[in-house]
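Novice:
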Amino acid sequence: MSNIHQKTWNILLIVVLGGLILGLPLFLGKYYLHFFIMIFFFAFLGSAWNILGGYAGQFSFGHAAFFGTGVFTSTLLQIHAGVNPWIGMLLAGIAGMGLGLFIGFLSFRYGLRGPYFALAMLALAEMLKLIAIEWMTSRYPLGITIPLRGDSLLYFQFRDKVPYYYISFLMMAGALFLTRFIEVRKIGSYFKAIRENESAAEALGINVFRYKLIAMAISAFLTAVGGTFYSQYYLNIEEESAFGAGISIEILMGPIIGGAGTVFGPLLGAGILEFLSETTRNFLGGYSGVHLMIYGAVLVFVIIFLPHGIMGGLQETFRKITKGQTKT
Amino acid sequence: MIILEVKEITKRFGGLVALKDLSFKLRQGEILGIIGPNGAGKTTLFNVITSFHRPETGKIFFKGEDITELRPYQICRKGLARTFQITQPFANLTVLENVKIGAYNHIPSSREATDEALRILEAVGLIEKRNERATSLSIGHRKKLELAKAMATRPEVILLDEVVAGLNSREANDMIAYIHHIQKQGITILLIEHVMKAIMSLSNRIVVIHYGQKISEGKPEEVSKDPKVIEAYLGEEYILAKHQRS
Amino acid sequence: MNFPGLPLLLQSIVSGILMGGVYSLVAIGLTLIFGVMQIINFAHGSLMMLGMFTTYWLYVLMGVDPYLSLLFSIPICFVLGLLIERFLITPVLDAPAHNQLLLTLGLSLFIENLALFLWSPNFRTLDIPYLQTAVTVGTVMISFPKLVAFFFALLLTAFLYYFLKNTDLGKAIRAASMEREGALTVGINLRWVYCLAFGIGTACVGAAGTLSAPFFYVNPSVGGIFVITAYVVVVFGGMGNFIGALVGGLIIGVAESVGAAFFPGQLKKFIIYFIFILILLFKPEGIFGRRSE
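Read top to bottom, the protein sequences are chains A, B and C.
So this note's numbering is basically just the index in the first sequence, starting at one, shifted up by 846.
So this note's numbering is basically just the index in the second sequence, starting at one, shifted up by 34.
So this note's numbering is basically just the index in the third sequence, starting at one, shifted up by 44.
1. Does C/ILE186 come within less than 8 Å of chain A when only Cβ atoms are used?
2. Can you tell me where the alpha helix (DSSP H) with B/ARG176 in it begins and where it stops?
3. Express the C-alpha separation of B/GLU190 and A/ALA1039 in angstroms, rounding to a whole number.
4. To which residues does DSSP link B/GLN31 through a beta bridge?
5. Using 8 Å as the limit for Cβ to Cβ distance, is A/SER953 near chain B?
6. Just to confirm my understanding: we take C/THR177, look at its own chain, exclude 5 residues before and 5 after, and list those with CB closer than 7 Å. What are they?
7. Below 7 Å CB to CB, which residues in the same chain sit around A/ILE1156 once its five sequence neighbours on both sides are set aside?
8. Classify A/MET935: buried if its beta carbon has 16 or more other beta carbons within 10 angstroms, exposed otherwise.
9. Which of the residues in the stretch 208-237 of chain B, read from start to end, lie with their CB under 8 Å from any CB of chain A?
10. Give a yes or no on whether the minimum CB-CB distance between B/GLU131 and chain A is below 8 Å.
11. Between C/LEU324, C/PHE97, C/SER68, C/GLU329, which lies nearest to C/PHE195 when the distance is taken from Cα to Cα?
12. Note down, in chain order, each residue of its chain lying with its Cβ closer than 7 Å to the Cβ of C/VAL136, except the 5 sequence neighbours on either side.
13. At a CB distance below 9 Å, what residues from the stretch 930-962 of chain A approach chain C? Give them in sequence order.
14. Count the other CB atoms within 10 Å of the CB of A/GLN852; is the residue buried (16 or more) or exposed (fewer)?
15. Report the CB separation of A/ALA1101 from C/ALA141 in whole angstroms; it is logged as a contact under 8 Å.
16. On the DSSP bridge list, what partners appear for C/VAL262?
17. Which residues in chain A sit within 8 Å of C/ASN285, going by Cβ to Cβ distance?
18. Classify B/ALA52 as helix, strand or coil using the three-state DSSP reduction.
19. Determine, using beta carbons only, whether B/ALA275 comes closer than 8 Å to chain A.
20. Touching or not, the stretch 1082-1099 of chain A and the stretch 976-993 of chain A, by the rule of three or more beta carbon pairs under 8 Å?
21. Nearest CA to the CA of C/LEU114: which residue from C/PHE326, C/LEU255, C/MET283, C/LYS327?
22. For A/LEU868 and A/GLY1111, what's the separation of their Cα atoms in angstroms?
23. For B/ILE264, count the other beta carbons within 10 Å of its own beta carbon; 16 or more makes it buried, fewer makes it exposed. Which is it?
24. Mind checking whether B/ASP195 and B/ILE216 have CB atoms under 8 Å apart?
25. Would A/VAL1030 count as contacting chain B if we go by Cβ distances under 8 Å?
26. Where do the ends of the beta strand (DSSP E) carrying C/THR180 lie?
27. What residue range is occupied by the uninterrupted alpha helix (DSSP H) comprising B/GLU152?
28. In the structure shown, what three-state DSSP assignment does C/ASP109 receive?
29. If the criterion is Cβ atoms closer than 8 Å, does the pair A/PHE907 and A/LEU968 meet it?
30. If we count the other Cβ atoms within 10 Å of its Cβ and call it buried at 16 or more, is B/LYS134 buried or exposed?
31. In the DSSP assignment, the alpha helix (DSSP H) including A/SER920 goes from what residue to what residue?
32. Report yes or no: is there a C-beta of chain B within less than 8 Å of the C-beta of A/TYR1036?
33. Classify B/ASP208 as helix, strand or coil using the three-state DSSP reduction.
34. Among the candidates C/GLU329, C/PRO264, C/LEU102, C/TYR238, whose CA atom is the shortest distance from the CA of C/ILE83?
35. With distances taken Cα to Cα, identify the nearest neighbour of B/SER57 among B/VAL51, B/GLU251, B/LYS262.
36. Helix, strand or coil for C/ARG334 per DSSP?
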């Protein structure tokens, strides 16, 4: 009885939320659309990072390596070989995955762990950035612009922000579903086991090396796909926004603040960060870097007071409350 | 039938010889106890059998197959599970999730793995703690969890590293009863234990190692009368006696 | 690839050694903190930048000679390091390593962007005539401020080395870096040692900042340029290895400078990262370290 009740409620909730999200663009101006697109976009990237960092416990400080690979793969294929950006998106994912498997193979085979893995990833992203700079300065000193084709779903280009809103929302929803799908299955349990204790995981029959590579492949694939979205949204790319350390940091900030290793952590984190960055921009618009200063302070605060992020903190409080109730 | 054979194993750490030319056989269905003074190389032996350490020379055979070169997870998949002396829980996961991870070794579906894990938690007496995080457990419960995880992989042979040590007497008796219960399921047990009373009553046979070498082997009552064994332990007992006096 | 002539090669070796001294000083601060607390300090570069700005503002506002400002930048950075350790690092000492890394990352984001907010991203330089002079030996030109930086860096390193080897406080720090529990049992107050190590590490990088200000530009993101090289030096010399950081700094300094003569543009940095990844993968204990089990 109560089970059926629960189900009706869940369906109702999904319908209401879904309706709200789908209907929102009717009421929102350009500015707010962009705000939501950025939330969905960073929630998507954060979810991608979360699978490797939050679930499998391999903290990467250089996810820009995959992101930038995605940005450049689909754009260059489009410009030089006329490849459709949707196909380019898939190929970008595959390229990102290939890079992920390569660096993952080396790192995990030679036992790079914790901060060392984080730094190696950072160095990888910086190396790719240097290559991109070297290559671009003679060819595209002003960055690469994707030729405009007007409104076209086929070419993944729109004058209006609304289609981007829906696409980014679908991407994010897909990533969240995928995370949930992984979380409740064997593969998710294995990721968490590796995060918590590698030797114990190995002793229970888990091929730690293989599962780390799987997490890396999924994470890198999605991140690179996000890169293509970025190219198609801005239609102009350059090295710093593709491979820069800033992108790596923005990707991981969301899940860290919202709660790494939880499904909704990246979304919550992205929402908070976008909100903070927009508010500071409105109040202190003239000064560059203020929103990053706030990001830094938030990061320090979260690490000290909420080491498992906001979702982790909520779960902990919830655990304490329910425990208190059963005792009385 | 011999289910596990350790053959002429030598393991060095730098200049230190931890295991020297060590051989013994484990018969199907028995409980074989490994004893020896502190630093005799018991835990190293477990680490070598389960491939966490590679031996310099010698081989390990499981059901006649050479498993020396396999990786630890492959050894578990073959049906050889272990516990760790210093318990290794997945700290931030619940007790149930911990055991489920073991069960996934032979069950791919989440629902069935949950059922299997609950069965094992019931048997070891941790069922009430199933939704608690592993970090919040007491030492006694951690040892049980360690054992439950290994049992969930459905092993043919299980290596138990000091699962009784550190328990109070009631917990110790529960644990001993559970180990007997494991044996009745047809699982072969290799046991390291510091608590002499426990190992002498549990083991069908005993192997004594000292400075990484086997110095005696036989029934518990035979081994305890072996002069070489008494001599090896004399030093330790002397130290023990001194500790108790101060 | 370019093939430089012998004079250019000599010139780059000498410049490399001089820069190497500064790298060593930055790296020693980093490696000291890592050795004692096992923390990779991501904010090291931002703290160096603060050292540079201290020198810059002291000169611009009060006309203090840049080398005299060592007397200010060292104590300022030392106290700043103590405070950071006490209020930000202490709470996460037992946290997972990646959380410690994230904390220092947050700190560096905060400091750098605060500097950006306060002082703008403009490139500033110290315009003092005597800093433009150079000594010429044969074909090799040695810039005066680089020479001073090199000798000061060596002097400070020697001083620090003496302090760690021969004073009780220094011995306590070394003991804590070798074995945490051992240090505890002999009654060393670890909290104080951590504070001190972080303070000294920060003072080192602050001094390096002051010494670099005369021959480099000053802006909020300048620290990263030195510190990324310092990470490579630290990994190269072995994490926590004092002598390794000193020698590693000189080697990397020369390698970078000679590399720049061969490979123009961005490639020299590319090679530094490449070496960094290779060492992490294949020789994580550093070139001078031994693998411990």
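Where a beta carbon is used, it is the ideal one built from N, C-alpha and C, also for glycine.
Here the structure is a predicted model, which is why all the values come from computation and not from measurement.
Specialist: By the coordinates alone:
1. As a working mapping, residue 186 of chain C is identified with position 142 in the third sequence. No, C/ILE186 does not count as interfacial toward chain A.
2. The count along the second sequence starts at 1 and reaches residue 176 of chain B at position 142. Looking at the DSSP string, the run of the alpha helix (DSSP H) that includes B/ARG176 is 173-186.
3. The count along the first sequence starts at 1 and reaches residue 1039 of chain A at position 193. The count along the second sequence starts at 1 and reaches residue 190 of chain B at position 156. So the two alpha carbons sit approximately 23 Å from each other.
4. Coverage of chain B is limited to positions 35 through 280, which leaves residue 31 of chain B absent and any answer about it impossible.
5. As a working note, residue 953 of chain A is residue 107 in the first sequence. A/SER953 does not count as touching chain B.
6. Against the third sequence, residue 177 of chain C aligns to sequence position 133. Closer than 7 Å at Cβ, skipping near neighbours: PHE188.
7. Residue mapping note: residue 1156 of chain A aligns to position 310 of the first sequence, counting from 1. Result list for A/ILE1156: ILE1103, GLY1104, GLY1105, LEU1114, in chain order.
8. For this step, residue 935 of chain A is matched to residue 89 along the first sequence. So A/MET935 counts as buried.
9. none
10. Taking the second sequence and counting its residues from 1, the one referred to as residue 131 of chain B is at position 97. Chain A, which has a Cβ nearer than 8 Å to the Cβ of B/GLU131, makes this yes.
11. Reading the third sequence from its first residue, position 151 is the one you call residue 195 of chain C. Ranking C/LEU324, C/PHE97, C/SER68, C/GLU329 by Cα distance to C/PHE195 puts C/SER68 first.
12. As a first step, residue 136 of chain C is located in the third sequence; it is residue number 92 there, counting from the start. Cβ within range, chain order: ASN143, GLN144, LEU147.
13. ILE949, LEU952, SER953, ARG955, TYR956, GLY957, LEU958, ARG959, GLY960, PRO961, TYR962
14. Taking the first sequence and counting its residues from 1, one reaches residue 852 of chain A at position 6. Looking at its Cβ environment, which holds fewer than 16 other Cβ atoms inside 10 Å, A/GLN852 is exposed.
15. Against the first sequence, residue 1101 of chain A aligns to sequence position 255. Against the third sequence, residue 141 of chain C aligns to sequence position 97. Reading off the sequence shown, one finds Pro at residue 1101 of chain A, where the question assumed Ala. About 17 Å separates the two Cβ atoms, so there is no contact after all.
16. Stepping through the third sequence from its first residue, residue 262 of chain C is reached at position 218. Partner(s): C/ARG168.
17. Locating residue 285 of chain C in the third sequence gives position 241, where the first residue counts as 1. Per Cβ cutoff of 8 Å: no residues; C/ASN285 is ~16 Å from chain A at best.
18. Against the second sequence, residue 52 of chain B aligns to sequence position 18. DSSP places B/ALA52 in strand when its eight states are reduced to three.
19. If you number the second sequence from 1, residue 275 of chain B lands on position 241. Its pLDDT being 49, under 50, B/ALA275 is placed unreliably in this model, and the value from its coordinates should be taken loosely. It does not: the Cβ of B/ALA275 has no partner Cβ on chain A nearer than 8 Å.
20. yes
21. Counting from one through the third sequence, the residue named residue 114 of chain C turns up at place 70. The shortest Cα separation from C/LEU114 among C/PHE326, C/LEU255, C/MET283, C/LYS327 belongs to C/LEU255.
22. Residue 868 of chain A sits at position 22 when you count from the first residue of the first sequence. Residue 1111 of chain A sits at position 265 when you count from the first residue of the first sequence. Roughly 22 Å between the two C-alpha positions.
23. Taking the second sequence and counting its residues from 1, one reaches residue 264 of chain B at position 230. That one is exposed.
24. Here residue 195 of chain B refers to the residue found at position 161 when the second sequence is read from its first residue. Here residue 216 of chain B refers to the residue found at position 182 when the second sequence is read from its first residue. No; because the gap between Cβ atoms is not below 8 Å, this pair is not in contact.
25. Residue mapping note: residue 1030 of chain A aligns to position 184 of the first sequence, counting from 1. Yes, contact with chain B.
26. Start at 1 with the first residue of the third sequence, and residue 180 of chain C comes out as number 136. From DSSP, the beta strand (DSSP E) with C/THR180 extends over 178-181.
27. Indexing the second sequence from 1 puts residue 152 of chain B at position 118. A small correction: the amino acid at residue 152 of chain B is Leu; Glu does not occupy that position in the sequence shown. Start and end: 144-158.
28. Position 65 of the third sequence, counting from 1, holds the residue named residue 109 of chain C. In this structure, C/ASP109 counts as coil in the three-state DSSP scheme.
29. Walking along the first sequence from the start, residue 907 of chain A turns up at place 61. Walking along the first sequence from the start, residue 968 of chain A turns up at place 122. Yes, Cβ-Cβ distance for A/PHE907 and A/LEU968 is below 8 Å.
30. On the second sequence, residue 134 of chain B is found 100 positions in, with the first residue counted as 1. Buried, by the Cβ-count rule.
31. Within the first sequence, the letter at position 74 stands for residue 920 of chain A. Per DSSP, A/SER920 belongs to the alpha helix (DSSP H) from 910-927.
32. The residue you call residue 1036 of chain A lines up with position 190 of the first sequence. Interface residue, yes.
33. As a working note, residue 208 of chain B is residue 174 in the second sequence. Here B/ASP208 sits in helix by DSSP.
34. Position 39 of the third sequence holds residue 83 of chain C. Considering only alpha carbons, the answer is C/TYR238.
35. In the second sequence, the residue the question calls residue 57 of chain B occupies position 23. Here the closest residue by C-alpha is B/GLU251.
36. If you number the third sequence from 1, residue 334 of chain C lands on position 290. Model confidence at C/ARG334 stands at a pLDDT of 49, short of 50, so the residue's coordinates are unreliable; what they give is reported in the following sentence. C/ARG334 falls in the coil class under three-state DSSP.
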